[in-house]
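K.L.:
Mind looking over this structure? Questions follow.
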């Protein structure tokens with residue numbers, strides 16, 4: 038009797054490995070994550086992991102690329118073209134901060150990569166190609182606000198984006214130490230809303246300062 042053919046799904050296997058590795062790397066970093074555990078979580082074997090990605094380090098790079106690619110795709114869905122400048126900047130900031138809140142694994146991966154002094158991002162041609170669409174969106178909002186006489190004219194868009202990003206990044210990346218040292222739990226809705234309100238006012242106060 039002929040044995041039924043096993044249907045192969047290389048893309049599905051590759052994707053399962055990526056998602057499983059993202060969880061393992063986010064939890065334990067590059068050195069703490071175990072290849073056998075990644076394979077087990079992905080419902081495959083270590084041989085397939087090395088077949089698709091070559092090494093643990095190359096898999097870590099692929100996970101970083103995938104995480105940044107997901108952020109870029111989410112950013113592309115943001116449409117603020119017809120929104121008034123102050124409201125548009127507010128929505129953009131909240132979008133970025135909400136993404137960090139909903140994807141803390143991205144921040145853990147970035148924190149771990151900083152421990153390696155960005156070695157794996159530097160080695161990735163694809164990561165360098167993933168230029169954030171939000172920077173272009175932010176630049177357009179700034180220009181519209183400046184033409185309308187609402188925003189100051191000496192704002193560096195990229196540095197402003199880094200500042201905006203940092204305001205949302207910090208309370209997610211450091212939420213456990215913030216709770217342990219100050220008793221502030223920013224995963225709690227009321228605490229987070231208060232911080233979002235304060236950070237929004239800080240950004241707009243700088244932008245609209247004469």
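Residue numbers (my numbering): 38 to 247. Don't be surprised by glycine CBs; every beta carbon is placed ideally from N, CA and C. No experiment lies behind these values; they were computed from the predicted model shown.
(1) For residue 239, which residues of its own chain have a beta-carbon under 8 Å away from its beta-carbon, when the five flanking residues on both sides are left out?
(2) Are the CB atoms of residue 99 and residue 79 nearer to each other than 8 Å?
(3) Could you give the DSSP three-state label for residue 192: helix, strand or coil?
(4) Relative to the alpha-carbon of residue 102, which residue among 202, 208, 172, 158 has its alpha-carbon at the smallest distance?
(5) Please check the pair residue 244 and residue 189, which I expect to be a contact at CB under 8 Å, by giving their CB distance rounded to whole angstroms.
(6) Of the residues 48, 138, 192, 127, which one's Cα is nearest the Cα of residue 246?
(7) The alpha helix (DSSP H) with residue 73 in it runs from where to where?
(8) Can you tell me whether residue 242 is buried or exposed? The criterion is at least 16 other CB atoms within 10 Å of its CB, across all chains shown.
(9) Secondary structure at residue 131, three-state DSSP: helix, strand or coil?
(10) Less than 7 Å between C-beta atoms, sequence neighbours within five positions excluded: which residues of the same chain meet that for residue 232?
(11) Report back the beta-carbon spacing between residue 109 and residue 86 to the nearest angstrom; my notes put them in contact at under 8 Å.
(12) Rounded to whole angstroms, what's the CA-CA distance from residue 166 to residue 105? Just pull it up for me.
P.N.:
The answer reads as follows:
(1) Locating residue 239 in the chain shown gives position 202, where the first residue counts as 1. 204, listed in sequence order.
(2) As a first step, residue 99 is located in the chain shown; it is residue number 62 there, counting from the start. As a first step, residue 79 is located in the chain shown; it is residue number 42 there, counting from the start. Going by C-beta atoms, residue 99 is not nearer than 8 Å to residue 79.
(3) For this step, residue 192 is matched to residue 155 along the chain shown. Coil, per DSSP.
(4) Taking the chain shown and counting its residues from 1, the one referred to as residue 102 is at position 65. Nearest C-alpha to residue 102: 158.
(5) Numbered from 1 along the chain shown, position 207 holds the residue referred to as residue 244. Numbered from 1 along the chain shown, position 152 holds the residue referred to as residue 189. That pair is a contact at about 6 Å.
(6) On the chain shown, residue 246 is found 209 positions in, with the first residue counted as 1. Taking only the C-alpha atoms, the option nearest residue 246 is 192.
(7) Here residue 73 refers to the residue found at position 36 when the chain shown is read from its first residue. It spans 72-78 - the alpha helix (DSSP H) in which residue 73 sits, taken as one unbroken run.
(8) Counted from its first residue, the chain shown places residue 242 at position 205. Flag for residue 242 reads exposed.
(9) Walking along the chain shown from the start, residue 131 turns up at place 94. Of the three classes helix, strand and coil, the one that applies to residue 131 here is helix, per DSSP.
(10) Here residue 232 is taken as the residue at index 195 of the chain shown, counted from 1. 208, 223.
(11) Stepping through the chain shown from its first residue, residue 109 is reached at position 72. Stepping through the chain shown from its first residue, residue 86 is reached at position 49. With a Cβ gap of about 25 Å, residue 109 and residue 86 do not count as contacting.
(12) If you number the chain shown from 1, residue 166 lands on position 129. If you number the chain shown from 1, residue 105 lands on position 68. Computed Cα separation, rounded: 10 Å.
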